[in-house]
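Take 2 as the starting number for the sequence shown in this note's numbering and just add one per residue. Have a look at the structure below, then the notes.
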Amino acid sequence: MRRMRRLEKVVTRRVRISSADALQESVMPDRETILRSITLAAVLVNQLIAASGRTPLPYTEEEFYQGLSAVVTVVVSLWSWWKNNSFTAKAIRADHARRK
2 MRRMRRLEKV VTRRVRISSA DALQESVMPD RETILRSITL AAVLVNQLIA
52 ASGRTPLPYT EEEFYQGLSA VVTVVVSLWS WWKNNSFTAK AIRADHARRK
């Protein structure tokens with residue numbers, strides 16, 4: 002009987018702690034929300050600068066396109082290289098286990 006009461010106390014305490022953690026996590030905005038807000042702010046600033054008659058970026062459209070293409074190419078290349086290659090023994094074993 003005492004064991005059962007102790008177990009109930011432990012379970013109840015864990016539930017309270019996890020509920021508090023869940024509440025705390027839900028208060029913070031997620032990463033995507035922050036990125037969308039930053040992007041919106043950048044677009045609005047760009048629009049205000051363009052509306053005032055100034056050039057927002059001191060580059061030609063072709064230079065901007067080439068720079069953006071280079072950045073995207075590097076990021077996608079590095080991501081695909083990292084994501085699809087297993088170097089450590091543990092990662093290789095995990096790949097084999099996943100395929101089975």
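For glycine and all other residues, C-beta sits at the position ideal for the given N, C-alpha and C.
CA-CA distance, residue i and residue j?
| i | j | result |
| --- | --- | --- |
| P57 | N86 | 40 Å |
| H97 | K91 | 10 Å |
| K101 | A52 | 59 Å |
| V106 | T61 | Since the displayed the chain opens at 2 and closes at 101, residue 106 lies outside it and no answer follows. |
| V77 | S38 | 23 Å |
| T40 | E33 | 10 Å |
| A42 | I50 | 12 Å |
| Q67 | I93 | 37 Å |
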